[in-house]
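Here is the structure we will look at, set down as structure tokens.
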Amino acid sequence: MKKFVVNIVAYLFPIGAVIMGINCFVDPAHVYSGSKYEKQMVEMLLASKRNVTNVDLNYKVRNFKALLCESNPDSVDIVVLGSSRVMCISEKCFQGKRIMNLGVSGGIITDECALMSACYNNGQCPKIVVLGVDPFYFNDNNNETRWKEIEFWYNHYQTETNGKRLSIWQHFNKEKWINLFSLSYFQHSIRYHEKSKSELMVTEDFNNEKKTIHHDGSISYGEDLRSRLQEEVDEVAKTYTHPQWKNYSCISREKSEEFQGLIDYIKLHGSEIVLFLSPYHPITWQRFMSQIEYKEVKNAEILVDRIAKENDLTVIGNWDPNKCGCDETCFYDATHLNEKGLYVLFKDFQLNQRMLK
Amino acid sequence: MQNAFIVLASYVFYGWWDWRFLLLIAFTSFCSWGSGLLIGKAETKKKAKTWMWLNIVLNLGILALFKYYDFFVTEFAQLFHISTDGLLLKVILPVGISFYTFQALSYSIDVYRGKIEPTKDVVAFFAFISFFPQLVAGPIERATNLLPQFLKKRKFDYDTAVDGMRQILWGLFKKIVVADNCAMYVDQVFSTYTEQSGSTLLLAAIFFTFQIYGDFSGYSDIAIGTAKLFGIKLMRNFNVPYFSRDIAEFWRRWHISLTTWFRDYVYIPLGGSRVSKAKVFRNTFIIFLVSGFWHGANWTFIAWGAYHAILFLPLILTGKNRKFMNQVAEGRILPTWKETGQMLLTFFLAVIGWIIFRAESIGMSWEYVCRMCNVSILTIPVFKKLAFRLVIFICLMLLVEWLQRGKEHGLELSVLKQYWIRYLITMIVVFSICCFGEFGENTFIYFQF
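Quick mapping for you: the protein sequence lines, in order, are chains A and B.
Going by my numbering, the first residue of the first sequence is number 1, and it counts up by one from there.
Going by my numbering, the first residue of the second sequence is number 1, and it counts up by one from there.
Structure, rendered in structure tokens:
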């Protein structure tokens, strides 16, 4: 038995070491490399006041947005918060007003709280906050832990609003350590290394071959995504699934209270709130309306509607594409609006004149 | 103590799906154990036979209720245009019910036949029924092979355990690298088969042929290897079936534990092949149809069974079903041209069978085959990077299995004397799994049966 165990260790140790080593050193999502990559992007954007392209598909987007808040010396008129579904909202949508897009991939209410706190505490006091809302925001089981990247600011928000601080357990980012031995991350690392990293580059162009971050924090996707055929987009819409919808059995009371708390916090700082409901691809929306695992979407709709009325908030868009004039040509995939989609939603939006007095 | 630990581990493992299933498996185990004792104590053969039949009816009744009731009600209602409202049970199919039910049946039949003594050791019996490595997808063990191993104390054996680890590793390679990668291509093509060219459909069917093999034989290797760690030797379930030279040989090498189960408990009691030709015809059809139906309550499985019965019949009626009893190209590295042709033909026939098996309905399988066999079969298939990788993985698997075809599994390396060569080969397989495995949420196909 002893010999067997020794043998197992003799096999497992090098395997574990190689996986851990490659995950740690190649690190395609920049999980273990501090915020060097994100700092570089922020410096390039602020120094050039233009756009940066060749951006990795994976980077610590929360860290980047927090750094943008901390380092941006110019005051902005509008701040956009939300998930990846708001990340393409740029200054183009607001007729020349200065905006800062703080949307993050997989964003949830916790991210919005943390980034809003980062914003106010770094002297930014926008006139308008465009608050992206997604139906899965109110799912207790969405298992999103990426907000821990900016837990400093979430802690700050908690202290400001209710005097509480995060517990030790909430501090501990176990996913980061589990990821060290993740075989899927290992595969990403190998393929990432094969492709060789491309250097960040400042550009005047809004859209580029690879992913681009604009000086206002918004993004435009790479050529591969932008030039998808309609059939491909529809196919993606048919098969869309995301862990954030997992076990979505009821609207979380805690999450809806947290959302109301965020609204109060923004109002307290004197900013006006606009709710942004980014529509879904018509095929995906149809699935939401018919499949049991998405039954809470309707309840989330009712809740958001109630919150908007109670707080007298302006609403742009609707999750239902039919209610906001979007058809299947307005999407990059199941959930993300393309430029046409954004134009449809923002063309009649005259809040600039009304609100930015 | 060893058995109690195995029962505990097995029940935790099984209860992980749904704890309510535990009540069912415990009930099945207890009834079969009790029936064994009653058969053993019966004063007359008639009484023993009654107890055996009671256990068979009970076990098959449970299986029918959970697996086939809704199917029959729906079909009956459709036939007579009746509404199924309130008639359907809509119960979840307990994982592995077909496997452990057959195992339980084999015990009472073997006790009745006098092949094994009824055991009084209830813990050992519960371990026999619920032994976790093979509980949910086989091999379907016979009481005569497995139960005696639970009745004696087992000792850890280094060589067996190392061999078991290698077998697990090979099973993982087949499952994670071959089957799960194939699944991505196959699922995509089968879900859009009306839009695909004939050549793409053929390629997807071939990939499914390897997917189901990698999936199921991979699981069997993992199960057998895990059992070896506990000092338990399970029966072999696959013996390089795609190197068969005719369908009869294919069935001697594919899902061996189920095929031999049906042979011993259904085919031979019906008279086997030592009866009139009409009865051989009947027996062959019965065994294949039942075997197809065992896989699930769907006409496609029955059609798949019938298809194989049609292929098998000419061989058995002409007495050629035992023509190829040895390993192909025995003592040689390469097969002859004739053997290659025979293997390719058998493989192609199996591919057609798997289309029927994989399709959602018989209509779909027919349409799939029709679309596959049109002029577009001569075009270049949709051959993305994934398909290219799949071909490499499959060739690698076939190469290893060809070279190791006389051995128990692909990574049986005991003949290699140098430690470092064994170490190197094992590491290559481990890193192949790490680098090319598909680590999604793919479950095993045979869990649904």
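Here a beta-carbon is modelled for each residue, glycine too, at the ideal position from N, C-alpha and C.
For A/M116, the uninterrupted alpha helix (DSSP H) segment begins and ends at I109 to N121. Of the other Cβ atoms in all chains shown, 16 or more fall within 10 Å of the Cβ of A/F331; this residue is therefore buried.
Any Cβ of chain B closer than 8 Å to the Cβ of A/Y240 would place that residue at the interface, and such an atom is absent.
Taking the Cβ atoms as the reference, B/V351 lies roughly 19 Å from B/T192, outside the contact range of under 8 Å. Contacts between A/N7 and chain B, judged by CB atoms closer than 8 Å, involve V162 in chain order. Annotation for B/L413: R166, R422 and I425 place their beta carbon closer than 7 Å to its own, counting only its chain and skipping 5 residues before and after.
Using beta-carbon distances, B/T194 does not count as an interface residue toward chain A, since no partner is under 8 Å. In this structure, A/S198 places its C-beta atom within 8 Å of the C-beta atom of A/N54. Residues of the region 175 to 203 of chain B whose Cβ lies closer than 7 Å to any Cβ of chain A: none.
The DSSP assignment places complete alpha helix (DSSP H) segments of no fewer than 4 residues inside the region 352 to 376 of chain B at 362 to 372, in order along the chain.
Scanning its chain for C-beta atoms nearer than 8 Å, with the 5 sequence neighbours on each side dropped, one finds around B/T74 the residues T84 and L88, in chain order. Assignment of A/I316 by DSSP, reduced to helix, strand and coil, places it in the strand class. DSSP places A/G217 outside any beta strand (DSSP E), giving it a letter other than H or E.
The beta-bridge partner set that DSSP reports for A/V52 consists of A/V202 and A/I213. The C-alpha of B/S244 lies about 34 Å from the C-alpha of B/I116. For B/E141, no beta strand (DSSP E) run applies, since DSSP gives it neither H nor E. Here DSSP, grouped into helix, strand and coil, assigns B/L87 to coil. In the displayed model, A/V42 falls within a helix according to three-state DSSP.
Per DSSP, the beta bridge partners of A/N101 are A/V80. Contact note: B/Y158 reaches chain A through K3 and F4, using a C-beta cutoff of 7 Å and chain order.
Just measuring C-alpha positions, the residue of A/N7, A/I15, A/K2 and A/N23 sitting nearest A/R191 is A/N23. Of all residues in the region 424 to 439 of chain B, only T426, V430, C434, C435, G437 and F439 come within less than 7 Å of chain A when Cβ atoms are compared, listed by chain position.
DSSP, reduced to helix, strand and coil, places A/F331 within a strand of the structure shown. Using a Cβ distance threshold of 8 Å, A/A118 and A/E70 count as a contacting pair. Residues of chain B whose Cβ lies closer than 7 Å to the Cβ of A/Q187 are, in chain order, C435. With a cutoff of 8 Å on beta-carbon distance, B/I109 and B/Y265 are scored as near each other. A/Y332 is outside the set of residues whose beta carbon lies under 8 Å from a beta carbon in chain B.
DSSP places B/G36 inside the alpha helix (DSSP H), whose first and last residues are R20 to K41. About 4 Å separates the CB atoms of B/T226 and B/P133; that is less than 8 Å, so the two are in contact. Judged by beta-carbon spacing, B/I176 lies within the 8 Å limit of B/G437, meaning their Cβ atoms are closer than that value. Boundaries of the alpha helix (DSSP H) harbouring B/F388: K385 to L403, taken from the DSSP string.
Sequence-distant Cβ neighbours of B/D121 in its own chain, meaning closer than 7 Å and more than five residues away, are L151.
For A/L229, there is no enclosing beta strand (DSSP E), as DSSP gives it neither H nor E. Contact annotation: B/M372 and B/A205 have beta-carbon atoms nearer than 8 Å. Along the region 287 to 365 of chain B, the beta strand (DSSP E) does not occur as any fully enclosed run of 3 or more residues.
What A/L67 touches in chain B, judged by beta-carbon distance under 8 Å, is nothing: the nearest beta carbon there is about 32 Å away.
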